[in-house]
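Colleague: Residue numbers (the UniProt record's numbering): 1 to 87.
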Amino acid sequence: MHLNGVAELIDVPILITHGANDRQINVKYAHQTFDAITKSPKKDMHIFDEPEGGTEHISIDNLAFVAGYNADWAAETFAELKAGKLK
């Protein structure tokens, strides 16, 4: 799966997460997608590593932690949108 040709159209906040040891999809594709996103008012990327877990495909090795990370990011982003900090 890729976002080639459409990543540059993303104009909403976006979080890209990836496991450092993902054996199905190379982490370089997360970086390529992140770099291609140019219109987002907020773009963040987090690569999960060994100490925190979540390093495998879909972060299956620490799914609860990664879900919490994503939820925290979403809550923070919604608060920023509500406060008018993101356009």
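Quick reminder that beta carbons are idealized off the backbone N, C-alpha and C, glycines included. In this text the structure is predicted, and so the values were computed from the model without any measurement.
(1) Tell me which residues share the same chain as glycine 54 and place their Cβ nearer than 7 angstroms to its Cβ, disregarding the 5 neighbours each side in the sequence.
(2) Can you check which of these residues, Ser40, Ile58, Trp73, Pro13, is closest to isoleucine 25 by C-alpha distance?
(3) What are the boundary residues of the alpha helix (DSSP H) that threonine 33 is part of?
(4) State yes or no: is the beta carbon of glutamate 50 nearer than 8 angstroms to at least one beta carbon in chain B?
(5) DSSP three-state call for isoleucine 10: helix, strand or coil?
Modeller: Reading off the structure:
(1) If you number the sequence shown from 1, residue 54 lands on position 54. Excluding positions up to five away in sequence, the list reads Gly19, Phe48, Asp61, Asn62, Phe65, Val66.
(2) For the purposes of this step, residue 25 is identified with residue 25 of the sequence shown, where counting begins at 1. With distances taken between Cα atoms, isoleucine 25 lies closest to Ile58.
(3) Numbered from its first residue, the sequence shown carries residue 33 at position 33. Here the alpha helix (DSSP H) through threonine 33 covers 28 to 36.
(4) Although the question refers to chain B, the structure presented lacks it and comprises just one protein chain.
(5) Numbered from its first residue, the sequence shown carries residue 10 at position 10. In the structure shown, isoleucine 10 sits in coil (DSSP, three-state: anything other than H, G, I, E or B).
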